[in-house]
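Reading through the structure tokens given below for one structure.
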Amino acid sequence: TFSLKFQSPAYNHLGVWVLIIPALGGIVVGLMALYGSKAIRGHGIPEAMEQILVNQSKIKPLITFLKPISSAIAIGTGGPFGAEGPIIATGGALGSTLGQIFRITSNERKIILAAGATAGMAAIFGTPIAAVFLAIELLLFEFSPKAILPVALACITGAAGHHLLFESVPVFPMPDVAIPSNLALAVYSFMGVIIGFLAMWLTKAVYWIEDAFEKLPIHWMWWPAIGGLAVGAVGYFAPHTLGVGYDNITNLLSGNLPLTIILSLCFFKFISWAIALGSGTSGGTLAPLLTMGGAAGAMLGILVSKNFPEVGISIPMAALIGMSAMFAGASRAYLTSITFALEATMQSHALLPLLGACTASYLISFFLMENTIMTEKIARRGVFTPDSFEPDLLQKLTVAQLMNESNVVLASQNPIKEVKQWLEESHDQSNYFMTVDNDGSYSGILKRTDLFSLGVKTDHTIKDILKPVHFFLRNNDSLRTAVEIMAKHNTEALPVIAAKGGKIMGMLTYPDVLTAYKQHIEENETANTQISLKRRRMKMLIKGKKLININ
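For the sequence shown, my numbering begins at 1354 and goes up steadily by one.
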């Protein structure tokens, strides 16, 4: 059948041949990775993150072509992946290529990469706001107008393309859901806890399988073929696990799927996807996570509604929060998970249940997992991924907060001999001294080493050895401004002038800036130590053990 319309592999008539087709696709992907680029392996987002963090956002232009082709082959031959991961990687590669063609900074190239990647996601699902949040949480690691505005414009363009090529209706339509009661809201939130544990175990299982493939005594090129055999075997008995499965997500949200199919989507989809992804083939994670999370949520909803009908649980709502909570727990893309569910279904009444379930799932993931399904692979390579979006400390603090107001001020006409004698008698250990002329105007900064260096004639005045410094700081300047001036002029000390009136107020030195950083690091270390202790306690409680804290 030759058609541009969606065709589900679940309704194939291949019989036993369904075992072979995914393996053949795996062989082609393996050959493309071997002779093209290994970067096409995996689900796309971690690879884009790694290039941003360690390679100045430079992705080989070849990936722009190889990634979509390899993913199309893997998914088209039955691979249980979503198209969103490869599209994100392809859009990111295109943005990076354009950034390398033009002479721009690495930070600007990062923004273009993120714009290309998230425009691809918006084009697939028609969810521009979720795509912007995805850029913030997984690619940009910052929240600033210079980064958000280009990404937002790209996502709007991608969403417009979605509406042009597809319908303007929600990508995952579902029955309208009612506002839940407080009791139902509590139950939905508790479902998020269960889904959080499932997301944690799912992530660990994927990387356990990946480690198992690493131990195989055959070349990695053949691994996708082995994963394809597993996909075919599972697909023979559970055909709904084959392919992207966007129709499965829609059916789950309808609340009308039989329990047997829901179970197969939850368990067999996981087995097929985990083995295939662990084999290093090319494919995405979002659609499988949504499918498995939706199936788990629907099963929990059926269980509660059968035994406690008075709670008023909605099966479609349970499936929706299962989808979102699974993605939030596995990726910790918290805002992306919530906004994606709202945009993809247009169910505003689901906001509170989504907030409760995703928060619960996120907390379980945060306290029980060091890394996520997106960061585990690159963390093993020694790449640190930011997990917070704090403002720059240098932007938060002002010069007035750190400057030293008690610095010694010397008159530039003072003889060097008298100044040395006074410093020895007063036991002053300052390394820098501000100097002023007879009229009290600022004339420069004197280093202690210059004053006491060999060859300095003591009958001269300070003015004879003074190196005039014509740059200074205002007391309301940020520390970032101070560091930039210090770096530009290769100086370790700057005078601080009042913003109004021009009066000398003190001096700021480079050690002062380091002291501020040291205090900030110590505060963060204390907080991180407390978080680590809480993580250990939760893990011990789950294992039934008691953590003894000896101080």
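Where is the CB? At the ideal position from N, CA and C, for every residue including glycine. Keep in mind it's a predicted model, so treat the numbers as computed, not measured.
Based on Cα-Cα distance, which residue from Glu1837, Phe1590, Ile1818 and Val1849 lies nearest to Asn1829?
Sequence index remark: in the sequence shown, residue 1829 carries index 476 (1-based). For Asn1829, the closest C-alpha among the options Glu1837, Phe1590, Ile1818 and Val1849 is that of Val1849.
Minimum C-alpha distance to Leu1506 - residue among Val1530, Glu1490, Thr1480 and Glu1495:
Here the question's residue 1506 lines up with position 153 in the sequence shown. It is Thr1480 whose Cα lies nearest to the Cα of Leu1506.
Could you round the C-beta distance between Ile1798 and Ile1769 to whole angstroms and report it? I think they count as a contact, below 8 Å.
The count along the sequence shown starts at 1 and reaches residue 1798 at position 445. The count along the sequence shown starts at 1 and reaches residue 1769 at position 416. Between Ile1798 and Ile1769 a beta carbon distance of about 16 Å is seen, past the 8 Å cut, so the two are scored as non-contacting.
Taking the DSSP output, what are the residues bridged to Pro1768?
Numbered from 1 along the sequence shown, position 415 holds the residue referred to as residue 1768. Thr1814, per the DSSP bridge assignment.
Boundaries (first-last residue) of the alpha helix (DSSP H) holding Met1670:
The sequence position of residue 1670 within the sequence shown is 317, counting from 1. Boundaries of the alpha helix (DSSP H) around Met1670: Ile1668 to Ser1684.
DSSP state of Ile1903 mapped onto helix, strand, coil
Sequence index remark: in the sequence shown, residue 1903 carries index 550 (1-based). Confidence at Ile1903 is low in this model, with a pLDDT of 46, below 50, so the placement of that residue is unreliable and no value is reported for it.
What is the rounded straight-line gap between the Cα of Val1504 and the Cα of Val1836?
Here residue 1504 is taken as the residue at index 151 of the sequence shown, counted from 1. Here residue 1836 is taken as the residue at index 483 of the sequence shown, counted from 1. Counting only the Cα atoms, Val1836 lies some 29 Å from Val1504.
Rounding to the nearest angstrom, what Cα-Cα distance links Leu1707 and Leu1406 in this structure?
One-based indexing of the sequence shown puts residue 1707 at position 354. One-based indexing of the sequence shown puts residue 1406 at position 53. Separation of Leu1707 and Leu1406 (C-alpha to C-alpha, rounded to the nearest whole angstrom) is 31 Å.
Minimum length 4: unbroken alpha helix (DSSP H) runs contained in the region 1427-1489
1437-1454, 1459-1478 and 1481-1487, all fully within the region 1427-1489.
So for Pro1592, helix, strand or coil by DSSP?
As a first step, residue 1592 is located in the sequence shown; it is residue number 239 there, counting from the start. In the three-state reduction of the DSSP assignment, Pro1592 falls in the helix class, which pools H, G and I.
So, under 8 Å CB-CB, Leu1492 and Ala1470 are touching, yes? Tell me the CB distance rounded to an integer number of Å.
What you label residue 1492 is simply residue 139 of the sequence shown in a count that begins at 1. What you label residue 1470 is simply residue 117 of the sequence shown in a count that begins at 1. By a beta-carbon distance limit of 8 Å, Leu1492 contacts Ala1470. Their separation comes to about 6 Å.
Would you say Ser1617 and Ala1640 are within 8 Å of each other, going by their C-beta atoms?
Translated into the one-based positions of the sequence shown, residue 1617 becomes position 264. Translated into the one-based positions of the sequence shown, residue 1640 becomes position 287. Taking the C-beta atoms as reference points, Ala1640 is found no nearer than 8 Å to Ser1617.
I'd like to know if the region 1644-1653 and the region 1679-1687 are in contact, where contact means that at least 3 CB-CB pairs between them fall below 8 Å.
With a cut-off of 8 Å on Cβ pairs, the region 1644-1653 is in contact with the region 1679-1687, counting three or more such pairs.
State the Cα-Cα distance for the pair Ala1710 and Tyr1687, rounded to the nearest angstrom.
The sequence position of residue 1710 within the sequence shown is 357, counting from 1. The sequence position of residue 1687 within the sequence shown is 334, counting from 1. So the alpha carbons of these two residues sit roughly 11 Å apart.
Given Phe1824 as reference, the closest of Met1787, Phe1805 and Glu1490 once Cα atoms are compared
Residue numbering aside, residue 1824 sits at position 471 when the sequence shown is read from its first letter. For Phe1824, the nearest C-alpha among the options comes from Met1787.
Between the Cα of Pro1662 and those of Phe1525, Val1522 and Val1540, spot the shortest distance and give me the residue it belongs to.
Residue mapping note: residue 1662 aligns to position 309 of the sequence shown, counting from 1. For the residues Phe1525, Val1522 and Val1540, the minimum Cα distance to Pro1662 belongs to Val1540.
Residues of its chain near Leu1704, where Cβ-Cβ distance is below 7 Å and the 5 sequence neighbours each way are ignored
Here the question's residue 1704 lines up with position 351 in the sequence shown. Excluding sequence neighbours, Leu1704 sits near Leu1695.
Under the assumption that Ile1412 contacts Ala1446 (Cβ atoms under 8 Å), give the Cβ distance between them as a whole number of angstroms.
Stepping through the sequence shown from its first residue, residue 1412 is reached at position 59. Stepping through the sequence shown from its first residue, residue 1446 is reached at position 93. Contact holds; Cβ gap of about 5 Å.
Under the three-state reduction of DSSP, which class applies to Ile1726: helix, strand or coil?
Along the sequence shown, read from residue 1 onward, the residue named residue 1726 stands at position 373. When secondary structure is reduced to three states using DSSP, Ile1726 falls in the coil class, being assigned neither helix nor strand.
N- and C-terminal bounds of the alpha helix (DSSP H) containing Leu1861
Here residue 1861 is taken as the residue at index 508 of the sequence shown, counted from 1. DSSP places Leu1861 outside any alpha helix (DSSP H); the residue lies instead in the beta strand (DSSP E), whose first and last residues are Ile1857 to Thr1862.
If I follow the unbroken alpha helix (DSSP H) through Thr1603, where does it start and stop?
For the purposes of this step, residue 1603 is taken as residue 250 along the sequence shown, with counting starting at 1. Taken as a continuous stretch (DSSP letters only), the alpha helix (DSSP H) holding Thr1603 covers Tyr1599 to Ser1607.
At least 3 beta-carbon pairs within less than 8 Å: the region 1449-1466 vs the region 1425-1441
When Cβ pairs closer than 8 Å are counted between the two stretches, the region 1449-1466 is seen not to touch the region 1425-1441, the count staying below three.
N- and C-terminal bounds of the beta strand (DSSP E) containing Lys1800
As a working note, residue 1800 is residue 447 in the sequence shown. Boundaries of the beta strand (DSSP E) around Lys1800: Tyr1795 to Lys1800.
With a CB to CB cut of under 8 Å and the five nearest residues on each side skipped, what residues in its chain are close to Pro1421?
Looking up residue 1421 in the sequence shown gives position 68. Short of 8 Å from the beta carbon of Pro1421, and not among the five residues preceding or following it, lie these beta carbons of its own chain, in chain order: Pro1439, Ile1440 and Thr1443.
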